[in-house]
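Numbered according to the UniProt record's numbering, the sequence shown spans residues 1 to 212. Okay, structure first, notes after.
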Amino acid sequence: MSTHVLSENLAKVLLTRLREKNTNSQKFRETLDQLSLLLAIKATEYLEYYELDIETPLEVTPGTFFGDTPVLVPIMRAGSGMLRAFQTFMPNSLVWHISMSRNEKTFEPTFKGSTIPEMADEAAFPLIHTGFILDPMLATGGSASLAIQMLKACVTKIIFVGILGAPEGITRLEREHPDVEVILAGMDRELNKHAYILPGLGDAGDRLFPTR
Ligand code: PRP
Ligand code: URA
């Protein structure tokens, strides 16, 4: 498994804004969207491309085209905050939502539902090679691992894309899914006793979508 962490200063500035506890929900959503654009640009490097001649107004020249239709798989709720940015650069991608939530005591995810088509297999979806799982937080890695397991039935290349990761989550994915790639905007130090990432940015879902 390989893990790529964004190194651009712009990514660091946006991540700092997300971490700040005084960043309000509107600013948090906007900033997460902007940082997801940087992640999406990096993610496009994992796609297949092909070349075909096109005509400019002056002459024929080789053009570059996307070679596969990726599927975007946001893990609800927080992953949906990354979706718009990915659709910006991959407008023809499919979207399969997965809904799960982390148990507050065991920290293991509980699966609630998904829009992954029942018939999803390579024969039914011959064009789909690449799946991007979107979730801002890779903490214990339980949610990511379950989503990857579900996606493996129908997608050959899986890339997990998140904002922040913890060493515990990376270690778990390396053990359970060594064939998967990871792209993050930042790697943090550790988890606290509630399995929150430190220094982290708090509860991504609550900061994106306040409920009270
Ligand atoms: C958060 C986050 C991840 C998960 C990460 O979701 O968005 O899905 O926790 O933790 P893990 O790596 O230990 O599994 P949560 O279950 O809190 O739901 P939410 O997105 O609705 O807030
Ligand atoms: N989920 C979050 O939203 N934040 C964390 O730090 C860990 C899991």
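Glycine residues also receive a C-beta, built at the ideal position from the N, C-alpha and C atoms. Quick caveat, the model's predicted, so the values are computed rather than measured.
- Query: Between residue 98 and residue 57, what straight-line distance do the alpha-carbon atoms span, to the nearest angstrom?
  - Reply: 45 Å
- Using a Cβ-Cβ cut-off of 8 Å (strictly less than) and excluding sequence neighbours within five positions of residue 87, which residues of its own chain qualify? 72, 93 and 95
- Which runs of the beta strand (DSSP E) spanning at least 3 residues fall entirely within the region 68–107, listed in chain order? 71–76 and 98–102
- Could you check where the alpha helix (DSSP H) with residue 28 kicks off and where it finishes? 25–43
- Listed by chain order, which residues have C-beta atoms less than 7 Å from any heavy atom of ligand 1? 75, 76, 77, 78, 79, 100, 101, 102, 107, 109, 135, 136, 137, 138, 139, 140, 141, 142, 143, 144, 169, 195, 203, 204, 205 and 206
- Take the Cβ of residue 171 as the centre, count every other Cβ of all protein chains shown within 10 Å, and call the residue buried at 16 or more, exposed below. exposed
- Message: Looking only at its chain, what residues have a beta carbon closer than 7 Å to the beta carbon of residue 78, apart from the 5 residues adjacent to it on each side?
- Response: 135, 136, 137, 204, 205 and 208
- Task: Name the one or two DSSP bridge partners that residue 113 has.
- Result: 99
- Can you check the region 157–200 for any alpha helix (DSSP H) of at least 4 residues that lies completely inside it and give the ranges in chain order? 167–176
- Query: Taking the C-alpha atoms as reference points, what is the distance between residue 85 and residue 106?
  - Reply: 32 Å
- Message: Let me check you understand the geometry: is the CB of residue 200 closer than 7 Å to at least one non-hydrogen atom of ligand 2?
- Response: yes
- Query: In whole angstroms, what is the alpha-carbon distance linking residue 14 and residue 47?
  - Reply: 25 Å
- Can you have a look at residue 59 and say buried or exposed, based on whether 16 or more other CB atoms are within 10 angstroms of its CB? exposed
- Mind checking whether the beta-carbon of residue 197 lies closer than 7 Å to any heavy atom of ligand 2? yes
- Query: What's the gap between the Cα of residue 157 and the Cα of residue 68?
  - Reply: 11 Å
- Item | Distance between beta carbons of residue 159 and residue 186, contact taken as under 8 Å | In fact, because the Cβ distance is near 17 Å, the residues do not count as touching under 8 Å.
- Item | residue 199 classed as buried or exposed, judged by whether at least 16 other C-beta atoms fall within 10 angstroms | exposed
- Distance, residue 16 Cα to residue 216 Cα: The question about residue 216 has no answer here: the residues shown for the chain are numbered 1 through 212.
- Message: Tell me which residue opens and which closes the beta strand (DSSP E) that residue 53 is part of.
- Response: 49–55
- Query: Among 182, 70 and 169, which one has its Cα closest to the Cα of residue 192?
  - Reply: 169
- Message: If I measure Cβ to Cβ from residue 142 and keep anything under 6 Å in the same chain, skipping five residues before and after, which residues do I get?
- Response: 108 and 109
- Task: Compute the Euclidean distance between the alpha carbons of residue 62 and residue 28, then round it to the nearest angstrom.
- Result: 41 Å
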